[in-house]
Amino acid sequence: MANKVQESQTDLMVETKGKLELFFDNYGNKILWGLIGVALVAVAIFVAISIVDGAKQKKEEAAQAALTVAITTDAEVEAYVAVVEQYEGTNAANTAAYMVGAEYLKAGDLENAKSYLAKYTDAEGIAGEIINSLVYMLRGDVAVEENDLQTAEQMYVKALETNNDVYTYERVANKLALTYAAMGNGEKAQQTYKAMVAKYPELKSKYSKYIAE
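Set out below in structure tokens:
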């Protein structure tokens with residue numbers, strides 16, 4: 019019985035092997051060329067991605083160079099606008115959008131300030147977090163100029179949540195407290211100052227006069 023089982027298994031293996039060999043005899047070339055085709059497509063995709071990445075890198079480098087020139091030569095706002103418009107999608111253009119927004123706000127041009135600050139997208143890294151916070155702060159400043167204190171409050175709160183840099187945090191917290199005071203909410207203004215000195219005790223002597231014991 020065992021021999022018959024073994025013979026059956028052997029016959030099945032031989033039959034299966036024979037079918038596989040016949041299959042590859044008939045279709046082996048097609049499979050080979052199919053695999054080669056897949057490999058060629060994969061290589062083409064890799065090359066295309068490399069070209070795109072290379073183009074992105076060159077665009078970023080050109081944008082960084084243009085932004086550096088604008089900063090080091092103390093250029094007019096139009097130079098920063100050119101970086102934003104010509105190098106859209108780069109980190110340098112993103113930073114330039116913040117700088118343009120700040121300049122327009124300083125000049126009292128609220129519409130252009132809002133427009134360019136809206137072009138900014140949150141960046142990563144420590145430096146990015148600081149700029150993210152400053153952009154929210156500037157949006158809050160625009161809202162204050164437009165007498166939209168509720169929006170200003172929201173922007174300042176976001177700015178505080180975005181960054182832990184003491185200098186930036188102090189600026190934003192002070193603006194938020196003043197906004198609460200302007201809204202007639204002295205209690206929240208107090209809470210903002212208390213939270214700030216709790217987070218940064220070195221600021222206590224500077225703001226203690228605003229905090230009721």
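With positions in the sequence shown counted from 1, the corresponding number in our numbering is that position plus 18. Yeah, the Cβ is synthetic: ideal placement off N, Cα and C, and Gly gets one too.
Where the alpha helix (DSSP H) through residue i begins and ends
i, result
"residue 178", "167-180"
"residue 205", "204-217"
"residue 224", "222-225"
"residue 154", "143-163"
"residue 125", "Unbroken run through residue 125: none, as it is neither H nor E."
"residue 103", "95-104"
"residue 197", "184-200"
Test item: CB-CB of residue i and residue j under 8 angstroms
i, j, result
"residue 105", "residue 97", "no"
"residue 123", "residue 160", "yes"
"residue 88", "residue 101", "yes"
"residue 151", "residue 109", "no"
"residue 120", "residue 85", "no"
"residue 138", "residue 153", "yes"
"residue 188", "residue 221", "yes"
"residue 128", "residue 164", "yes"
"residue 113", "residue 149", "yes"
Contact set for residue i: own chain, Cβ-Cβ below 7 angstroms, skip 5 residues either direction
i, result
"residue 132", "160"
"residue 118", "95, 98, 99, 102 and 134"
"residue 82", "110"
"residue 206", "198"
"residue 208", "229 and 230"
"residue 130", "122"
"residue 158", "170, 173, 174, 177 and 193"
"residue 186", "148, 151 and 152"
Own chain partners of residue i with C-beta closer than 8 angstroms, once the 5 adjacent residues on each side are dropped
i, result
"residue 212", "229"
"residue 167", "161, 197, 200 and 201"
"residue 66", "At residue 66, the pLDDT of 43 sits below 50, so the modelled position is not reliable and the matter cannot be decided from this model."
"residue 93", "87"
"residue 146", "140"
Contact set for residue i: own chain, Cβ-Cβ below 6 angstroms, skip 5 residues either direction
i, result
"residue 190", "155, 174, 177 and 178"
"residue 171", "197"
"residue 107", "none"
"residue 203", "none"
Heavy atom of the ligand SAH within 7 angstroms of residue i beta-carbon
i, result
"residue 88", "Only the bare structure without any ligand can be found here, which leaves the ligand SAH out of the picture."
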